[in-house]
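Written out below as structure tokens is the structure these notes cover.
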Amino acid sequence: MAQRLFRAVAILLVPALLLLSLAGCGKPSAGLDYPLESVISKDDGQYSRVYRAENKTVPEVARELAEQREPDEISKEDEKHMFLIYPDEWYHLQQDQEKPSDTLIEVDSKEFVRQNYDPSFLEGFIIASLLDDLFDAHKHATGSYRGYTTRDIYKPGGTYRVPTQQEKRRLLLSPSRERGASSSAATSLPIGVPESVRTAASSKKDGTVHSAIRAGRADYPQV
């Protein structure tokens, strides 16, 4: 009797669980692809790419990105500007002045930051030792740039342009793709690196990272 009851319950439960599983597969992941909107690319290793996160605040986007790929450094929480620092790239998150409900994600090569940004502006967000290393104690700092949202006032050394369709497909910024990534160099390379380069990477990077927040250590982001 007990065996028959168990079989009857199993027959009822299996289809129900299958339906729930299929329904879950249809839901979008937490980090959808951010569309690429604007780019600067030079032959000397300088590049800047701007992505849009619709209807998300700067802290929300910072937390989402940091959860999927932990930065070496992250600036304190701010509604208008935040920085996530990776070994070869800096992420400058900015509230869109024309559409305040959106966040613009500016992904800059380290060389672009060095050649264009105003160190005095960065001092409000980034620890001094990191800036000293990047700008050689400000000896070579000549830029006045302060981010994409003020590019018409504080101009970078180049002109942003609309990306090609090929660039939009190739240079995806997708936090969800970083979830569950292995510790290999191919998966820990900066987002936007072509897949061929990721595949070719063979050596493993040191996984030790830390989040030093300006004005004291903090636990942000909460993950």
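Each step along the sequence shown adds one to the number in the working numbering, with nothing skipped, and position 125 is 577.
Beta carbons: idealized from backbone N, C-alpha and C, even for Gly.
Here DSSP, grouped into helix, strand and coil, assigns Leu624 to coil.
Annotation for Arg566: Leu586 and Phe587 place their beta carbon closer than 7 Å to its own, counting only its chain and skipping 5 residues before and after. Shown here for Ser596: same chain residues with a beta carbon closer than 6 Å to its own, the five before and five after excluded, namely Asp570 and Tyr606 in chain order. By the criterion of a C-beta distance shorter than 7 Å, Ser493 is surrounded in its chain by Tyr499, once the five residues flanking it on both sides are discounted.
If one requires a minimum length of 4 residues, the alpha helix (DSSP H) runs lying completely within the segment 502-546 are 510-520, in chain order.
The bridge partners DSSP lists for Ser493 are Tyr499. Runs of alpha helix (DSSP H) with 4 or more residues, each lying fully within the segment 571-620, are found at 571-574 and 580-587, listed in chain order. In the three-state DSSP reduction, Glu550 falls in the coil class, being neither helix nor strand. Per the coordinates, the alpha-carbon of Phe577 lies some 7 Å from the alpha-carbon of Phe535.
Beta-bridge partners of Asp560 (DSSP): Ser500 and Trp542. With distances taken between CA atoms, Glu516 lies nearest to Asp485 out of Ser490, Asp485, Val502 and Asp496. Between Arg521 and Glu575, the alpha-carbon positions lie close to 24 Å from each other. Contact check for Lys528 against Glu541 fails: the beta carbons are separated by 8 Å or more. Straight-line measurement puts the Cα of Thr594 at about 16 Å from the Cα of Arg603.
Non-local beta-carbon contacts of Arg613 in its own chain, meaning distances under 8 Å to residues more than five positions away in sequence, involve Ser490, Val491 and Ile492 in chain order.
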